[in-house]
Amino acid sequence: MISHLNHQFQLKAVLARCPELTTLVKHVRSFAIMLTQRQGQDLPGWLAAVKADDELRSLHAFRQLSGAGSRRSHRRPHPALELRPRL
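And the structure:
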């Protein structure tokens with residue numbers, strides 16, 4: 001547990017020095033939640049939030065690679081975000 005607390009402290013220290021990393025962490029965490037909770041309907045909002053953050057060119061590239069600029073992505077989220085686990 002001490003190493004986890006140390007890790008959290010170090011992460012906060014790094015993020016305090018770099019606003020771009022703070023923004024990146026926010027987007028990555030929200031994307032992870034969207035994936036793990038199968039919230040594909042939130043993808044357009046996530047993509048818009050990423051697009052609004054001009055300093056995150058790496059996420060802009062990811063957005064383009066994922067086909068976010070296509071018409072299909074605005075009609076319906078990517079099927080992988082809607083898959084349900086098999087029972």
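Counted from 1, the sequence shown has number 76 at position 76 by full-length UniProt numbering; the numbering is strictly sequential.
C-beta: ideal position from N, C-alpha, C; glycine also.
Please read these numbers as outputs of a predicted model, since none were measured by experiment.
Check your understanding: If you draw a straight line from the alpha carbon of Pro44 to that of Lys51, how long is it in whole angstroms?
Key -> Locating residue 44 in the sequence shown gives position 44, where the first residue counts as 1. Locating residue 51 in the sequence shown gives position 51, where the first residue counts as 1. If you take the alpha carbons of Pro44 and Lys51, they lie about 10 Å apart.
Exercise for review: Give the single residue among Gln39, His27, Arg17 and Ile33 whose Cα lies nearest to the Cα of Ala48.
Suggested key: Along the sequence shown, read from residue 1 onward, the residue named residue 48 stands at position 48. Comparing Cα positions, the closest option is His27.
Review point. Would you report the Cα separation of Ala13 and Thr23, rounded to the nearest angstrom?
Key: By 1-based counting over the sequence shown, the position of residue 13 is 13. By 1-based counting over the sequence shown, the position of residue 23 is 23. Roughly 14 Å separates the two Cα atoms.
**Study point:** Cα-Cα separation, Leu15 to Leu21
**Key:** For the purposes of this step, residue 15 is taken as the residue at position 15 of the sequence shown. For the purposes of this step, residue 21 is taken as the residue at position 21 of the sequence shown. Roughly 6 Å separates the two Cα atoms.
Review point. Going straight from the alpha carbon of Asp54 to that of Val25, what length do you get?
Key: Here residue 54 is taken as the residue at index 54 of the sequence shown, counted from 1. Here residue 25 is taken as the residue at index 25 of the sequence shown, counted from 1. Cα-Cα distance, rounded: 15 Å.
Check your understanding: Arg29: which of Phe9, Ser3, Cys18 and Trp46 sits nearest, CA to CA?
Key -> In the sequence shown, the residue the question calls residue 29 occupies position 29. Of the listed residues, the one whose Cα sits closest to Arg29 is Trp46.
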